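Have a look at the structure below before the remarks.
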Amino acid sequence: MQMEKVLFGDNQFFAVNHLSDEKSRAQAIRFKDDSSIIRVLDQAIETGINTFMCTTHDRIGNICNHLRANSEKYRNFKIYPCMPYAHKYANAVTELGIIGTIKQYVPGNFLSTFTKGGVAYLNKDFIKLMEIFIDAEMKMFKGISTPVIFIQNVIVDLILGLGLNVVFKEYDVYIRKKYNAEPGYITMNMPALLDALNSVGIHNPIIASSINKIGFRMSGGKEIYESYLNEKTFRPIAMQVLAAGALRPREAIEYLAGFPKIESVLFGASSKAHIQETKELIEKFMS
Amino acid sequence: MKIKAGIIGLGKMGLSHAAIVNPHPAVDLVGVCDTSSLVLEAFKKFSKIRVYDDYKKLIDTEKPDCLIVASPTKFHYEMVSYALDRGIHTFCEKPFSLTTREGRELVNKATEKGLVNQVGFHNHFIGTFREMKRLLKAGILGELVHFTGEAYGPVVVREKGETWRSDPKEGGGCLFDYASHVINLIQEIIGKPVKASGSQLKKIYSKKVEDAVYCILTLDNGISGVLSVNWSDETYRKMSTSLMVMGKKGKMICDATELKIYLKEANAKENLGKGWTIKYITDLAIPVAFYLRGEEYSAQIDHFVQCVSNKQQTEINSFAQALKTDETIDLIIEDSKR
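Each protein sequence line maps, in turn, to chains V and U.
Heads up: the first sequence at position 266 corresponds to 262 in my numbering, and the numbers run straight through without jumps.
Heads up, my numbering is the position in the second sequence plus 133, with the first residue counted as 1.
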């Protein structure tokens, strides 16, 4: 399965700006209505971008309704879901605790099955719990093409840090089996993650990580990232390529061009001119 | 030789600490402890880390060199005490203690025994706040006039659910959980609060604890300013903390992403022009080897580990500093009853 060179991201729609809290608020105001998001997506499509990589934010559900209602217009359009929308759960854990959060988000009476059966029973059901969470997050994409399904970096890096690598393997198996899709991983610790995935028999994985000239959010330093990009076997997606705006688009893309292994570049923008400019630079330097 | 570490409490912060400590090259995570069988079973099944359901057992069996305490606040005192009595360097999550009497005992104990002690006020490991502190110390704003310290976020946005956070006796509430961060930043960056006035602890959705804290703080350097904190504000995607300081020569506004500096006249020594200068986190972030949720969480653990290795007490986030924050919380509670 080939990924497109240019993937359109969604941070700008949901008030995520790594450089300025003030700008993120301005974005929240600008994209208050779903129609304003759809307008920018349509502009991206007009420039020839056909993949939207987005979190499983509640509002993406509305966008999916629009895509389904106009399926002819969007027939070549693909979504790469990234789950979960972490702040939803993080805020819930602060308020309700871990069990309270599971109660809130897991459908049906799964937890009562859990407690009734006791610890021994629960033991083998963690993977079932993961599958239920995945299905709950994937529900909104029903009927839409989702050829790659990602886990967000907060969860990937938590699993990685705790050394629960076997969970990656279970995720990999389930995504392929249930959704007939490629599993993808977003991380802020690319070299360590690739090693961990390889250790549980996941080879040539799709990994999205920060890759930029100034080493922003490239944990462990730029050098080790560069050596992995040059020497290891995996399918890298570059994100945070502008280092939250610290780099000019041209120098940012020229840097990426030095690593032919990079399959795709993820970026978000709010205006057609910006989308066009970045896409053209990627095609010019990286094809 | 690696430092042996244990972690007590595997809630949001405990799990996050475990994920940062476990891959740390200088540390061996010898055990974790929680009372939730669900969490412990998950560790048993998928990880190599040893698990305990009794913190004393963890400490007595593993004999760690250092301990991270991330349990609910009401357990901090007994757990930290137990660790200090056994000569273990201790990192404790914020808020530090439920009462200043307990907090003071812990400060004294750690000091007497010469043990490294640190509290998880992680904002001090964000490059922008560090730079603000440095520039204020260098005096670029001249005589200070006024400040505001703010934090907003969407923790409790509807009426429902009760956990230890909804019990004022257990250190729940916006004052302990959210406002403590801002008070701590104010005391370490601008000046130590000595008086609280006009304090309002407002319930919005919670029944027993406050969801917002508003008050005027007077600092030991004579200036006063406004504390405004609300954890029931869903216009924020996540917790957003900021400080503004105004002086006779200009002002600074700082949050986790940028530091905005306005100067009436250029400052050649700091290479700051007249008018606005913006410094971004991309230039100020502290480099870390492993990233989870923000550089600051890894950087504070790196700092603790380094202090333990060197057996040298920290100047950033000591127990004594955290106690000072708890004392200010008391000032605000007392004033709000007036």
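Ideal placement from N, C-alpha and C gives every residue a C-beta, glycine not left out.
Because the structure is a prediction, the values reported are computed rather than measured.
Please decide whether residue i counts as near chain V, where near means a Cβ-Cβ distance under 8 Å.
i        : result
U/Lys181 : yes
U/Leu217 : no
U/Leu171 : yes
U/Arg263 : no
U/Lys328 : no
U/Leu370 : In the sequence on display, residue 370 of chain U carries Arg and not Leu. Answer yes: the Cβ-Cβ gap between U/Arg370 and chain V drops below 8 Å somewhere.
U/Lys178 : yes
U/Ala175 : yes
U/Ile136 : no
U/Asp463 : no
Report the residue from the options whose alpha carbon sits nearest the alpha carbon of residue i.
i         : options                                   : result
V/Arg246  : V/Gln272, V/Leu225, V/Glu227 and V/Glu259 : V/Gln272
V/Pro80   : V/Gly264, V/Ile151, V/Glu259 and V/Ile207 : V/Ile151
V/Phe129  : V/Ile203, V/Thr52 and V/Cys60             : V/Thr52
U/Val342  : U/Glu321, U/Asp300, U/Gly355 and U/Ser357 : U/Asp300
V/Ser215  : U/Gly236, U/Ile316, U/Leu425 and U/Ile466 : U/Leu425
U/Ser339  : U/Trp364, U/Tyr369 and U/Cys348           : U/Trp364
V/Met(-1) : V/Ile249, V/Ala86, V/Pro179 and V/Ala269  : V/Pro179
U/Met372  : U/Gly331, U/Pro158, U/Glu467 and U/Glu283 : U/Glu283
U/Ser204  : U/Leu405, U/Lys393, U/Glu303 and U/Phe258 : U/Glu303
V/Ile155  : U/Lys137, U/Phe423 and U/Asn450           : U/Phe423
V/Pro232  : V/Ile25, V/Gly93, V/Lys257 and V/Lys174   : V/Lys257
V/Ile45   : V/Leu92, V/Glu133, V/Val2 and V/Arg213    : V/Val2
U/Asn250  : U/Thr461, U/Asp463, U/Leu464 and U/His436 : U/His436
V/Tyr181  : V/Tyr70, V/Arg55 and V/Phe146             : V/Phe146
Tell me residue i's beta-bridge partners as DSSP assigns them.
i        : result
V/Pro232 : V/Ile203
U/Met385 : U/Val378 and U/Ile394
U/Asn400 : U/Leu405
U/Ser357 : U/His279 and U/Thr351
V/Leu3   : V/Leu262
U/Cys166 : U/Ile141 and U/Tyr185
U/Asp161 : U/Lys137
U/Ser123 : What the structure shows of chain U is the stretch from 134 to 471, and residue 123 of chain U is not part of that stretch, so it cannot be assessed.
U/Asn250 : U/Thr223
From which residue to which residue does the beta strand (DSSP E) around residue i run?
i        : result
V/Ser267 : It is not in any beta strand (DSSP E) - V/Ser267 carries neither H nor E in the DSSP assignment.
V/Phe48  : Thr47 to Thr51
V/Glu227 : Run containing V/Glu227: none in the beta strand (DSSP E); it sits in the alpha helix (DSSP H), Lys218 to Glu227.
V/Tyr76  : Lys74 to Met79
V/Arg178 : As written in the sequence, residue 178 of chain V is Glu, which differs from the Arg given in the question. Run containing V/Glu178: Glu178 to Thr183, per the beta strand (DSSP E) assignment.
U/Ser230 : Segment: none, U/Ser230 is in no beta strand (DSSP E) and carries neither H nor E.
U/Pro326 : Pro326 to Lys335
U/Val202 : Cys199 to Val202
Would you say residue i reaches chain U, if we count a Cβ-Cβ gap shorter than 8 Å as a contact?
i        : result
V/Val2   : no
V/Gly217 : yes
V/Met79  : no
V/His62  : no
V/His53  : no
V/Gly5   : no
V/Asn200 : no
V/Val89  : yes
V/Ala240 : yes
V/Arg244 : no
V/Phe263 : no
V/His83  : yes
V/Ala132 : no
V/Arg71  : no
V/Asn185 : yes
V/Arg213 : yes
V/Gly93  : yes
V/Ile233 : no
V/Asn119 : The predicted position of V/Asn119 is uncertain, since its pLDDT is 49 and thus under 50; a value taken from the coordinates is nonetheless stated next. Yes, its Cβ sits closer than 8 Å to a Cβ of chain U.
V/Ala86  : yes
V/Ile56  : no
What residue range does the alpha helix (DSSP H) around residue i cover?
i        : result
V/Tyr175 : Val162 to Tyr175
V/Asn194 : Met186 to Ser195
V/Leu156 : Asn149 to Leu158
V/Gly57  : Asp54 to Ala65
U/His436 : Glu428 to Asn443
Looking at chain V, which residues of the segment 139 to 156 of chain U have a Cβ within less than 9 Å of any of its Cβ atoms?
-> Leu143, Gly144, Lys145, Leu148, Ser149, Ala151, Ala152, Ile153, Val154, Asn155 and Pro156
Taking only beta carbons into account, state which residues of the segment 392 to 411 of chain U come closer than 8 Å to chain V, listed in chain order.
-> none
Determine which residues of the segment 342 to 362 of chain U have a Cβ less than 9 Å from any Cβ of chain V, and write them out in chain order.
-> none
Using a beta-carbon distance cut-off of less than 9 Å, what residues from the segment 410 to 428 of chain U approach chain V?
-> Ile411, Tyr413, Ile414, Thr415, Asp416, Ala418, Pro420, Val421, Ala422, Phe423, Tyr424, Leu425, Arg426 and Glu428
Chain U contacts from the segment 151 to 183 of chain V (Cβ-Cβ distance under 9 Å) | Asp153, Leu154, Ile155, Leu156, Gly157, Leu158, Gly159, Leu160, Asn161, Val162, Val163 and Thr183
If you measure beta-carbon to beta-carbon, which residues of the segment 304 to 337 of chain U are closer than 9 Å to chain V?
-> Asp310
In the segment 27 to 45 of chain V, which residues sit with their C-beta less than 7 Å from some C-beta in chain U, listed in chain order?
-> none
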